[in-house]
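For the sequence shown, the residue numbers in mature numbering (1 follows the signal peptide of the UniProt record, and there is no 0) are -23 to -1, 1 to 298. Built from N, CA and C at the ideal position, the CB exists for glycine as well. As the structure is a prediction and not an experimental result, all values here were calculated from the model. The next block holds one structure in the form of structure tokens; read it before the comments.
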Amino acid sequence: MTPIKTLAALAVLAGAMAPGAHADTYPSRPIRTLVAFPAGGSADIVARLVTQKVGEMSGFSFVVENRPGAGGNLAFDATASAAPDGYTLLFSTPGIAINPSLYRKVEYKLSDFKPIMLVGEAPLVLMTRPDLPIHDINDLAAAGKGKPDAVRFASSGNGSSSHLAMEVLKSMAGLQYLHVPYKGGGAAMADMLGKRVDVTMLPISESMPYIRDNRLRALGQTGAKRSPIAPDIPTFAEEGVKGYSVTTWYMLLGPAKLPDAVVDTLARKFDEALKSPDLQQKLRNAGVSIINEGPAQTKVFLDQQAASWSKAIAASGTRID
């Protein structure tokens, strides 16, 4: 065999062996896990709880990196374009499925990602200030009727779960309001408490501390049934918005060309962690219902969510340049 043919054969052999060799040594350094929202929000909290437990049980090292901005697109783009070596992952909420329909231009496609694990889901809670005469969804509809700027709604950002969940509620319940997007739920909450906006909708884990100490009043929760950590807050379906059910969910993904062996390793380790009683209790305390679906089921779910949100966004007429 000539030297050139020998080198070519070795290259082919090395390529064929690479996934297995990589899987045998993976991970050999910390795994960067991107979150598209600031520290302290529900996505950040859940990402840290889960990756910490996976690390404790497997010996893997995770570094959660907050990458907010552009409705999550900064984190999504960074993951889609990352090397598919298993050292850049994304801990995502519904924005990844929403943004291709919401924004007139995005750099990524869902096919740029490899779904690994659907961790769980949680409802959001719509809240108002206790000094306002708004006690339920009907009061809110009346407050904005014919006055679209009278009610100021603070979301955690354009394209966020709170923004789109409220847009769906708007169309189904006949609401009118002025949308004020913020860079994260913390900023929206600060202006709620400062009485600069009137209503906000945030994941239940971010909402309950303010509801429990009566700093804000709950108007309803977005899930199909009442959350165990908020049994006194009715769903919007109970309040008359029949068929309304929206949750925020938490999903682990990597770049599209992530080797199957690495995907399987991560899915197995996350599955083991999500079955641990202490992590399950921590997630329940955060209002998260554990789903724990593997790669194949997660891909089906992601595709279904993208199709569902595409229809909802088209019906609402909401678009962002």
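Problem set entry | the segment 124 to 141 / the segment 253 to 273 touching (three or more Cβ pairs under 8 angstroms) | no
Problem set entry | Within-8 angstroms CB hit, residue 214 to chain B | Chain labels in this structure do not include chain B; a single protein chain is all it has.
Exercise. So what does DSSP say about residue 200, is it helix, strand or coil?
Worked result: coil
Problem set entry | the segment 102 to 111 in contact with the segment 49 to 69 per 3-pair CB rule at 8 angstroms | no
For this session: Decide if residue 2 is buried, meaning its Cβ has at least 16 other Cβ atoms within 10 Å, or exposed.
Result: exposed
Exercise. Short check: CB of residue 111 to CB of residue 197, under 8 angstroms?
Worked result: no
Exercise. Counting along the chain, where does the alpha helix (DSSP H) carrying residue 121 start and finish?
Worked result: 114 to 121
Problem set entry | Buried or exposed by the 16-neighbour rule on C-beta atoms within 10 Å, applied to residue 280 | exposed
For this session: Compute the beta-carbon to beta-carbon distance between residue 246 and residue 90, rounded to the nearest angstrom, for a pair I have assumed lies under 8 angstroms.
Result: About 19 angstroms; that fails the 8 angstroms criterion.
Problem set entry | 7 angstroms CB neighbourhood of residue 278 in its chain, flanking five on each side removed | 95 and 270
Exercise. DSSP puts residue 266 in a beta bridge; with which residues?
Worked result: 98
Exercise. Who are the near neighbours of residue 142 in its chain, counting only those whose CB is closer than 7 angstroms to its CB and skipping five residues on each side?
Worked result: 101, 178, 199 and 223
For this session: Use the C-beta contact count for residue 171: other C-beta atoms within 10 angstroms, 16 or more gives buried, fewer gives exposed.
Result: exposed
Exercise. Where does residue 172 sit, in a helix, a strand or coil, going by DSSP?
Worked result: coil
Exercise. For residue 220, is the classification buried or exposed, using 16 other Cβ atoms within 10 angstroms of its Cβ as the cut-off for buried?
Worked result: exposed
Exercise. What is the DSSP secondary structure of residue 64, reduced to helix, strand or coil?
Worked result: coil
Problem set entry | Best match in 48, 121, 261 and 244 for proximity to residue 138 [C-alpha to C-alpha] | 48
Problem set entry | Supposed close pair residue 233, residue 88 - CB separation, criterion 8 angstroms | 6 angstroms
Exercise. Hey, out of 296, 243, 230 and 292, whose CA is closest to residue 11's CA?
Worked result: 230
Exercise. With DSSP run on the structure shown, which of helix, strand or coil describes residue 212?
Worked result: strand
Exercise. Under 8 angstroms between the Cβ atoms of residue 309 and residue 152?
Worked result: Since the first residue of the chain shown is -23 and the last is 298, residue 309 is not available in this structure.
Exercise. Three-state secondary structure (DSSP) at residue 109?
Worked result: coil
Problem set entry | Given residue 53 as reference, the closest of 169, 140 and 86 once Cα atoms are compared | 86
Exercise. What three-state label does DSSP hand residue 221 in the structure shown?
Worked result: coil
Exercise. Nearest-angstrom Cα distance between residue 296 and residue 227?
Worked result: 24 angstroms
Problem set entry | Best match in 201, 186 and 144 for proximity to residue 286 [C-alpha to C-alpha] | 144
For this session: Check residue 183 in the structure and name its three-state DSSP category.
Result: helix
For this session: Please report how far the alpha carbon of residue 250 lies from the alpha carbon of residue 23, in whole angstroms.
Result: 13 angstroms
Exercise. If you run the structure through DSSP and keep just helix, strand and coil, what is residue 127?
Worked result: coil
Exercise. Just the Cα atoms here: how many angstroms apart are residue 165 and residue 158?
Worked result: 8 angstroms
Exercise. In three-state DSSP terms, what is residue 278?
Worked result: helix
Exercise. Can you tell me whether DSSP reads residue 229 as helix, strand or coil?
Worked result: strand
Exercise. Are residue 93 and residue 265 closer than 8 angstroms when you measure CB to CB?
Worked result: no
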